[in-house]
Amino acid sequence: MKYMLIMRATDEGLAQMQNADFTEMLETVGRFNDELIRAGVLLAAEGLEDAAESVVVDHSSEPPVVTDGPYGETKELFGGFYLLNVASKEEAIEWAKRLPAAGPGFKTEIRRVPTIDEFPQDNEWIKKERAWRESTGQL
């Protein structure tokens, strides 16, 4: 089963990260990533650029309105993610408990990623997506 670990940080957490030694942080995150790789559960992992550099497309009106980010309040910004292939939600939780970004101001949301097999297989769009996934080696 695929699970996404969505890393969130408050302003307090972000300030804590800005004060951390970058080389030490890379070492800590690198060791954790290596554990995920050696365990055979890591599918993808990415951090995101500073939210101040983002834009927001608001679909509340027609045409959609584009504004400079970040979106709304910055109490808990989405800062990055890990995509894991694990046996259960409990295993995803155990990995999340070990994430290097921990302490006051840090949270991790865990959400299962449904597979294409969970959608109606007779739907023309699901058939097209399945064909694309097969052609790109994703299935």
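Residue 0 is where the sequence shown starts when you use numbering that gives the first Met the number 0, and the numbers rise one by one after that. The beta-carbon is built from N, C-alpha and C at its ideal position, and this holds for glycine as well. This one's a predicted model, so the numbers in the text were calculated from it and none came from an experiment.
Using a 10 angstroms sphere on the CB of residue 22, the tally of other CB atoms stays under 16, which defines it as exposed.
Residue 45 and residue 65 have their alpha carbons spaced roughly 24 Å apart. Judged by DSSP in its simplified three-state form, residue 86 adopts coil rather than helix or strand.
Taken in chain order, the unbroken stretches of alpha helix (DSSP H) that lie wholly in the segment 10-63 and span 4 residues or more are 10-17, 21-38.
When only Cα atoms are considered, residue 82 and residue 42 end up about 5 Å apart. In the three-state scheme derived from DSSP, where H, G and I count as helix and E and B as strand, residue 100 is classed as coil. Of 63, 68, 127, the smallest CA-CA separation from residue 54 is found for 68. By the CB criterion at 8 Å, residue 11 and residue 104 fall inside the cutoff. Annotation for residue 102: 15 place their beta carbon closer than 7 Å to its own, counting only its chain and skipping 5 residues before and after.
The Cβ atoms of residue 2 and residue 86 do not sit closer than 8 Å to each other.
If you ignore the 5 residues before and after residue 31, its C-beta comes within less than 8 Å of the C-beta of 97, 98, 99, all in its own chain and listed in chain order. Burial state of residue 39 is exposed, judged by a 10 Å Cβ sphere holding fewer than 16 other Cβ atoms.
In the three-state reduction of the DSSP assignment, residue 67 falls in the strand class, which pools E and B. Between residue 6 and residue 118, the CB-CB gap reaches or exceeds 8 Å. Take residue 108, set aside five residues on each side of it, and the residues of its chain with a beta-carbon closer than 6 Å to its own are 5, in chain order.
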